[in-house]
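Since the structure comes first, as structure tokens, the remarks are kept for the end.
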């Protein structure tokens, strides 16, 4: 799948990189929330000390922002996407990602009517051949 950026998103990416000095892998808007994927070695720069950069970006953009470390494998990518929620295990077979969550995280991972799960699927589909994400 080829990713295309519009002018607004390019400006947003430049703004993020110039403000945090972290290398950005990708960025997109998701339900009035900005989802940013940062090179994993720059995640601490992007978040800032005690979350200062993240809060500063939220105030400047007047939107919620989510900063995620990009990973090369599907399992690690989904684990980073779920942060700070915990999963006992994440498995990828034949296009289906199976998450075994900690009991206290299960409801948060799924979300109301599966909304969080569908958002995770959309993000994973941008980079990997993921058909579905299931929680067992």
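Numbering (the working numbering), first residue to last: 569 to 704. The C-beta atom is built at its ideal place from N, Cα and C for all residues, glycine as well.
(request) Mind listing, in chain order, the continuous beta strand (DSSP E) runs of no fewer than 3 residues lying wholly within the region 611-684? (result) 632-638, 655-661 and 664-669
(request) In the DSSP assignment, find the unbroken beta strand (DSSP E) run with residue 593 in it and report its ends. (result) Residue numbering aside, residue 593 sits at position 25 when the chain shown is read from its first letter. Its beta strand (DSSP E) spans residues 592-598.
(request) Could you check how far apart the C-beta atoms of residue 601 and residue 638 are, in whole angstroms? I think they sit under 8 Å. (result) Locating residue 601 in the chain shown gives position 33, where the first residue counts as 1. Locating residue 638 in the chain shown gives position 70, where the first residue counts as 1. Not a contact, Cβ separation roughly 17 Å.
(message) Starting from residue 702, trace the alpha helix (DSSP H) in both directions and tell me its first and last residue.
(response) The sequence position of residue 702 within the chain shown is 134, counting from 1. Boundaries for residue 702: no alpha helix (DSSP H) harbours it, while the beta strand (DSSP E) harbouring it runs 700-703, taken from the DSSP string.
(message) Suppose contacts are defined by Cβ-Cβ distances below 7 Å. Is residue 670 in contact with residue 658 by that definition?
(response) Here residue 670 is taken as the residue at index 102 of the chain shown, counted from 1. Here residue 658 is taken as the residue at index 90 of the chain shown, counted from 1. Their beta carbons are not under 7 Å apart, which means residue 670 does not touch residue 658 by this criterion.
(message) Going by beta-carbon coordinates alone, are residue 668 and residue 635 separated by less than 7 Å?
(response) Locating residue 668 in the chain shown gives position 100, where the first residue counts as 1. Locating residue 635 in the chain shown gives position 67, where the first residue counts as 1. Cβ atoms of residue 668 and residue 635: not closer than 7 Å.
(message) Out of 606, 664, 615 and 611, which one is the CA nearest neighbour of residue 693?
(response) Position 125 of the chain shown, counting from 1, holds the residue named residue 693. It is 664 whose Cα lies nearest to the Cα of residue 693.
(request) State the beta-bridge partners of residue 601 as determined by DSSP. (result) Your numbering for residue 601 matches position 33 in the chain shown. DSSP output for residue 601 lists 598 and 632 as bridge partner(s).
(request) Would you check if the distance between the CB atom of residue 633 and the CB atom of residue 626 is smaller than 7 Å? (result) Along the chain shown, one-based indexing puts residue 633 at 65. Along the chain shown, one-based indexing puts residue 626 at 58. The answer is yes: Cβ separation under 7 Å.
(message) So, for residue 655: in the same chain, excluding its five sequence neighbours on each side, which residues have a beta-carbon less than 6 Å away from its beta-carbon?
(response) In the chain shown, residue 655 corresponds to position 87, counting from 1. For residue 655, where only same-chain residues beyond five positions count, the Cβ hits under 6 Å are 667 and 669.
(request) Leaving out five residues on either side along the sequence, give the residues of the same chain with a beta carbon under 7 Å from the beta carbon of residue 697. (result) Position 129 of the chain shown, counted from the first residue, corresponds to residue 697. For residue 697, where only same-chain residues beyond five positions count, the Cβ hits under 7 Å are 663.
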